[in-house]
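Worksheet for the structure shown next.
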Amino acid sequence: MISIIRRASVDIWDKKYRLKDYDANPVDVTIDDTFKRVAKALSEVEETDKKDQCYEEFLWALRSGAIPAGRIMSNAGSMEYKPATSTINCTVSGSIQDSMSGILDKVTEAGLTLKAGCGIGYEFSTLRPKGAYVTGGRRIHIRPFIIYGYLR
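Numbering (this note's numbering), first residue to last: 2 to 153.
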């Protein structure tokens, strides 16, 4: 196991990855408790006869310095206290339809994705270029980067 943990590391663990209850009381008392929680959650998806072995292997890896992505460390095995979170660090949005409702749908999707603790990436090539005519509004299209500000 990691023998020396610097103060900054403990502070980051406490603020970002340590599981706490609804009153902000620590559920993970030690960093090793976090490793055990994560190893148990990861091993739960294995076949029944392999769960114990996988738990031990995951725990060994974590104690030996393997650190999974932040959302996994924070959210794996935390459903009792954080049911609306995800272990996915980053997602990619579907294509943005070049319409007001298409853009607003993606803004809503982004809000829900960010609420779950995930990041989200976008691809803007489906939006018409700057200066293109917008049907029904007699307006000239604004730059996608203005829309991007709402999606961040």
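Glycine is no exception: its CB is placed at the ideal position from the N, C-alpha and C atoms.
N- and C-terminal bounds of the alpha helix (DSSP H) containing isoleucine 121 = Mapped onto the sequence shown, residue 121 falls at position 120. Here isoleucine 121 belongs to no alpha helix (DSSP H); instead the beta strand (DSSP E) covers 120 to 122.
Where does the unbroken beta strand (DSSP E) through valine 93 begin, and where does it stop?
-> Walking along the sequence shown from the start, residue 93 turns up at place 92. It spans 91 to 93 - the beta strand (DSSP E) in which valine 93 sits, taken as one unbroken run.
Have a look at Ser102, Lys41 and Gly120 and flag the residue whose alpha-carbon is nearest the alpha-carbon of glutamate 57.
-> Numbered from its first residue, the sequence shown carries residue 57 at position 56. It is Lys41 whose Cα lies nearest to the Cα of glutamate 57.
Pairwise C-alpha distance: serine 96 and tyrosine 18 | Here the question's residue 18 lines up with position 17 in the sequence shown. Here the question's residue 96 lines up with position 95 in the sequence shown. Using only the alpha carbons, I get a separation of about 32 angstroms.
Buried or exposed for methionine 1, please, with buried defined as at least 16 other CB atoms from any protein chain shown within 10 angstroms of its CB.
-> This structure gives no information on residue 1, because the portion of the chain shown stretches from 2 to 153.
Given methionine 2, which residues of its chain have a CB within under 6 angstroms of its CB, disregarding the five upstream and five downstream residues?
-> Position 1 of the sequence shown, counted from the first residue, corresponds to residue 2. Confidence in methionine 2 is poor, its pLDDT being 46 and thus under 50, which makes the residue's placement unreliable; the coordinate value appears in the next sentence. Correct list, in chain order: Arg64.
Report buried or exposed for tyrosine 123, applying the criterion of at least 16 other Cβ atoms within 10 angstroms of its Cβ.
-> Here the question's residue 123 lines up with position 122 in the sequence shown. Buried, because 16 or more other Cβ atoms sit within 10 Å of the Cβ of tyrosine 123.
Between serine 100 and glutamate 110, what straight-line distance do the alpha-carbon atoms span, to the nearest angstrom?
-> In the sequence shown, counting from the first residue as 1, residue 100 sits at position 99. In the sequence shown, counting from the first residue as 1, residue 110 sits at position 109. Computed Cα separation, rounded: 15 angstroms.
Determine the closest residue to serine 94 out of Lys131, Ser10, Val30 and Gly120, with distance taken between C-alpha atoms.
-> For this step, residue 94 is matched to residue 93 along the sequence shown. Minimum Cα distance to serine 94 is reached at Gly120.
For leucine 105, is the classification buried or exposed, using 16 other Cβ atoms within 10 angstroms of its Cβ as the cut-off for buried?
-> Position 104 of the sequence shown holds residue 105. Per the 10 Å Cβ criterion, exposed.
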